[in-house]
Structure formats: C-alpha cells, structure tokens
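Encoded as structure tokens, the structure appears first; notes follow it.
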Amino acid sequence: MRWLEVIRVRTLYASASVLSYLTAAGETLTAIPELKRVEIYAGMPANTDIAIHLLWEKGAPPPYGSEPGQRMVSDLRKFGLVDHTTWRRREVPDTTLGRDVKEAGMHIDKP
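For the sequence shown, position 87 (counting from the first letter as 1) is numbered 87 according to this note's numbering, and the numbering increases by one without interruption.
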C-alpha cells in the first residue's frame with residue numbers, strides 16, 4: 001500500500017538552518033527501502049513555509065506517521081510551527097472518464 005506523510009513547517013523568516021537540517025535528514029532517509037520518494041517544497045512568495053512529502057510503500061500508514069517522520073517533526077519544532085499528517089491512497093471508481101481509476105491519487109494523462 002502506498003501512503004503519503006506530509007510535514008509542514010512555518011518559520012518566522014527564511015532559514016538556511018532548516019534547509020541544512022533537511023539536507024542532512026534526506027541523506028539518512030534515502031537508506032530506508034520502503035521510502036520511495038522525498039520531496040521538499042518552499043511556500044510562495046516567501047520561503048518561510050516548507051513542506052516535506054514522504055511517499056511510503058509499505059503496510060497501512062500508522063495513525064501518527066512513521067518513526068522517521070515523528071523524529072523529524074520533533075527536530076523541526078525548534079524552527080517554528082509544525083503540522084504532521086498522513087494520507088492513504090483510496091480506490092475510487094471514476095465513471096466520468098469511462099474507466100475505473102484504481103486510486104484517487106493516480107496520475108492521468110490528458111488526451
């Protein structure tokens with residue numbers, strides 16, 4: 001099962017220390033085989049909001065996120081406000097496209 005863990009941080013000002021922490025954490029996370037992708041986003045127009053997306057491919061998502069995600073949340077609290085959520089992909093039939101879409105988050109190319 002695929003599921004997504006989203007960690008958002010809101011700082012008072014753009015912080016190089018947050019990005020250096022995330023760079024170091026990213027190197028550690030790449031060693032976890034079940035973690036398929038790590039993406040980092042900066043808010044627009046200011047860079048004071050940062051979102052980290054962790055895409056997992058393993059059993060059902062824990063209700064409070066993965067252990068590495070929980071550690072990251074704990075570490076990021078020193079930089080500002082932190083929000084941590086988990087999302088699971090759902091099977092949703094989509095009859096408007098004339099076919100079943102197996103998962104709501106599925107990528108669909110436009111004709």
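We treat Cβ as the ideally placed atom computed from N, Cα and C, and that holds for glycine.
Nearest by alpha-carbon distance to residue i: which of the options is it?
| i | options | result |
| --- | --- | --- |
| I7 | G59, A31, I50, R90 | I50 |
| Y41 | E57, Q70, P68, R10 | R10 |
| A58 | S17, R37, Y13, I52 | Reading off the sequence shown, one finds Lys at residue 58, where the question assumed Ala. The option with the nearest alpha carbon to K58 is R37. |
| P45 | E5, H53, L81, A14 | A14 |
| L76 | I52, R88, T86, R89 | I52 |
| R2 | W56, A24, P33, T85 | W56 |
Starting from residue i, trace the beta strand (DSSP E) in both directions and tell me its first and last residue.
| i | result |
| --- | --- |
| E27 | Careful: E27 lies outside any beta strand (DSSP E), inside the alpha helix (DSSP H) at 16-29. |
| E57 | 49-57 |
| E34 | No beta strand (DSSP E) holds E34; DSSP gives it neither H nor E. |
| L12 | Unbroken run through L12: none, as it is neither H nor E. |
What distance in whole Å lies between the Cβ atoms of residue j and residue i, which are believed to be in contact at a cut-off of 8 Å?
| i | j | result |
| --- | --- | --- |
| L35 | L54 | 6 Å |
| E5 | G43 | That belief does not hold up - the Cβ atoms of E5 and G43 are roughly 18 Å apart, past 8 Å. |
| P88 | P61 | Checking the displayed sequence, the identity of residue 88 turns out to be Arg instead of Pro. Yes, R88 and P61 are in contact; Cβ-Cβ is about 5 Å, under 8 Å. |
With DSSP run on the structure shown, which of helix, strand or coil describes residue i?
| i | result |
| --- | --- |
| E67 | helix |
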